[in-house]
């Protein structure tokens, strides 16, 4: 239990812990109210049965005299009104308490889910290579909710019920100490025995629920994610059956929790009724008259009626905490692991749960997510910070491109014909992609001369051999270079290292002598990446091109220029809503070649100085590929182009080709030189013809 409380506590900052303390204080007041209302009914019953108490009972007589009542009946009438008011006030207070409690919980739930999602987004790329997406979705969508609804809420609610139970028990002990103590001993012993009997099974079932809920999501992702292959191969039954099996196991686990919560109810109800009747029997055996023991009996009866649901809820809360403890473990582990990553060591001690940094001593762009410092308010700070960050980038890039858009005629107008010979907007296309010579801000890292890869070595976590081994090369600014070689040669790994999403085990990547990992934010802002598999969201074409920007932040002129450069104009003209057409989940309403061109337009929209392309033309038809290659050639003096290529026809005119084999550069040179000097490359070139 101590470990569970410590893990829960680590999710809250000092302010939130104070808020929890206030809520617990309000719960203590609620417990006192419950006890007081339970005690007033027997007193009222005693007064009804024996009006002489107005004279003999000191407390009642004092209230009677203080109120100046004219008669006993008048006093009883006002006592009725007072009890009604008391119960109404108690109900209003409890409603207010529940509002405060649930508002706090669900605000924190939203903040933690956002925090965990952001943590996953900012995790190193290698983290995502090793984790299943279904597990991450499960943690964000289900496990975070269960941390608060299935663990924290029961903990706090159980604290309230224990306060109520303790106060009422003390009241009963004051009235009938021996009888109350015996009843408490019997009931407590029975509950402890029952609790221990089901404890282990509940924990195991909770772990099963978590495991198979993740597998349910995995079955959904696999079946629907590859829906075309699923239907062509007739695998609908396979995925439906896999989902059914996983769902059944998760369902049985939840069934065990339901049974554990419901079965004790009959047992507890029977035990409480037997205890009350036993108390009646004991009192009668003592020779006391029924009239004299009526107030005591009514007190025990009302206490039993109030305690019975409390005991049931305590059992239910205890089961829920054990069942969903695995949810807390999963969320806690992922949040705490992020704050312990080496890249966190040199970050500032921000009180925000999420802090975007470009720390000069960090090896990875990272996010500080301290489990000890978070709040719903902080999550809003994060979103505001992120929005400001995006707006700054957007404004900065617009300011960079607009001076170039004002340039007219000259050599640039001729170059624009390579982009789209048939376009009336050719001048704007060329101007859009021309390098802006107007100085804007001075970033920490700028690219003016060359990229140097020095003795680069990298091995994937868990791999036995290096994927990249002691690679060194130089890429001058404005050059077009290609990484070629057979599958598994290390081309994509080298590109990922260049992108900064992988950190080398040895060696450096230098831009004008500066390590990119010391200026990763600046480095990635000047890179455009076109992957082999383009991800498109279920959104408009324009928002997929200006990926990650709100509709109000999108520069429509730049979208149009990127569309023209990526040979997408014909497609846009055919779409019913043109750039505002929804492309479907993962771009399912577009062909493979069309999706690829959207990816190209996305990279060009941000006006990068460097284009990194991983088989970017693989899905294009020959005509479109030829046009795009011509467009790239027109950019050769304005952008540095790095291409991973299997189809050598697309890189014949590149300045330099690097032929990789087993993670090393076997040979380099232009296309003709490699054909002459490298037998392996020559064989590859012949196979491509």
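Residue numbers (the numbering used here): 30 to 718.
Ideal Cβ positions, reconstructed from N, Cα and C, are used throughout, including at glycine.
Here the structure is a predicted model, which means the values were calculated and not measured.
For residue i, the nearest candidate out of the options (CA to CA)
{"i": "residue 499", "options": "335, 535, 281", "result": "535"}
{"i": "residue 333", "options": "510, 618, 213", "result": "213"}
{"i": "residue 474", "options": "541, 182, 35, 177", "result": "541"}
{"i": "residue 60", "options": "586, 192, 532", "result": "192"}
{"i": "residue 487", "options": "147, 525, 509, 248", "result": "525"}
{"i": "residue 215", "options": "537, 297, 557", "result": "297"}
{"i": "residue 58", "options": "196, 34, 677", "result": "196"}
{"i": "residue 45", "options": "485, 305, 141, 78", "result": "141"}
{"i": "residue 174", "options": "497, 349, 554", "result": "349"}
{"i": "residue 545", "options": "518, 221, 497, 483", "result": "483"}
{"i": "residue 745", "options": "38, 65, 176, 185", "result": "The first residue shown for the chain is 30 and the last is 718, placing residue 745 beyond what the model contains."}
{"i": "residue 742", "options": "344, 187, 565", "result": "Residue 742 lies beyond the stretch modelled for the chain, which goes from 30 to 718, so this question has no answer here."}
{"i": "residue 668", "options": "691, 259, 507", "result": "507"}
{"i": "residue 589", "options": "602, 706, 703", "result": "602"}
{"i": "residue 598", "options": "65, 71, 629", "result": "629"}
{"i": "residue 104", "options": "89, 116, 115", "result": "89"}
{"i": "residue 531", "options": "156, 353, 292", "result": "156"}
{"i": "residue 340", "options": "698, 78, 245, 194", "result": "194"}
{"i": "residue 481", "options": "240, 523, 516, 490", "result": "523"}
{"i": "residue 478", "options": "493, 638, 337, 234", "result": "638"}
For residue i, the three-state DSSP class (helix, strand or coil)
{"i": "residue 563", "result": "coil"}
{"i": "residue 208", "result": "helix"}
{"i": "residue 186", "result": "helix"}
{"i": "residue 498", "result": "strand"}
{"i": "residue 38", "result": "helix"}
{"i": "residue 484", "result": "strand"}
{"i": "residue 46", "result": "helix"}
{"i": "residue 709", "result": "helix"}
{"i": "residue 630", "result": "helix"}
{"i": "residue 720", "result": "Outside the shown range of the chain, which is 30 to 718, sits residue 720, and nothing can be said about it."}
{"i": "residue 100", "result": "coil"}
{"i": "residue 273", "result": "helix"}
{"i": "residue 489", "result": "coil"}
{"i": "residue 505", "result": "strand"}
{"i": "residue 612", "result": "coil"}
{"i": "residue 596", "result": "coil"}
{"i": "residue 353", "result": "coil"}
{"i": "residue 232", "result": "helix"}
{"i": "residue 403", "result": "Caution is warranted here: a pLDDT of 36 is assigned to residue 403, below 50, making its placement in the model unreliable, and no coordinate value can be reported."}
{"i": "residue 22", "result": "Shown here, the chain extends from 30 to 718; a query on residue 22 therefore has no answer."}
{"i": "residue 191", "result": "helix"}
{"i": "residue 569", "result": "strand"}
{"i": "residue 476", "result": "coil"}
{"i": "residue 514", "result": "coil"}
{"i": "residue 266", "result": "helix"}
{"i": "residue 686", "result": "strand"}
Buried versus exposed, by CB contacts within 10 Å (16 or more), residue i
{"i": "residue 514", "result": "buried"}
{"i": "residue 171", "result": "buried"}
{"i": "residue 356", "result": "buried"}
{"i": "residue 266", "result": "exposed"}
{"i": "residue 559", "result": "buried"}
{"i": "residue 363", "result": "buried"}
{"i": "residue 302", "result": "exposed"}
{"i": "residue 91", "result": "exposed"}
{"i": "residue 685", "result": "buried"}
{"i": "residue 626", "result": "buried"}
{"i": "residue 154", "result": "exposed"}
{"i": "residue 198", "result": "buried"}
{"i": "residue 345", "result": "buried"}
{"i": "residue 391", "result": "The pLDDT assigned to residue 391 is 36, lower than 50, so where the model puts this residue is not dependable, and the model offers no usable value."}
{"i": "residue 352", "result": "buried"}
{"i": "residue 562", "result": "exposed"}
Beta carbon proximity, residue i to chain C, threshold 8 Å
{"i": "residue 163", "result": "In the structure shown, chain C cannot be found, because there is only a single protein chain."}
Check: Below 8 Å, can you find three or more Cβ-Cβ pairs linking the region 602 to 617 to the region 566 to 580?
Finding: yes
Note to self: Taking contact to mean 3 or more Cβ pairs, one atom from each stretch, closer than 8 Å, check whether the region 42 to 51 and the region 106 to 126 are in contact.
What the structure shows: no
Note to self: Under 8 Å: do the region 302 to 311 and the region 276 to 289 share three or more Cβ pairs, one atom per stretch?
What the structure shows: no
Next item on the list: Take every Cβ of the region 123 to 134, pair it with every Cβ of the region 84 to 103, and state whether three or more of those distances are shorter than 8 Å.
Entry: no
Check: What runs of the beta strand (DSSP E), each 3 residues or longer, lie entirely inside the region 108 to 146?
Finding: none
Check: Quick check: the region 614 to 630 against the region 578 to 585, are there 3 or more CB pairs under 8 Å?
Finding: no
Check: Are three or more beta carbon pairs between the region 504 to 511 and the region 670 to 677 nearer than 8 Å?
Finding: yes
Note to self: Assess contact between the region 147 to 162 and the region 329 to 347, defined as three or more Cβ pairs (one per stretch) separated by less than 8 Å. Is contact present?
What the structure shows: no
Next item on the list: Answer yes if the region 219 to 232 comes into contact with the region 136 to 153, meaning at least three C-beta pairs across the two stretches below 8 Å, and no otherwise.
Entry: no
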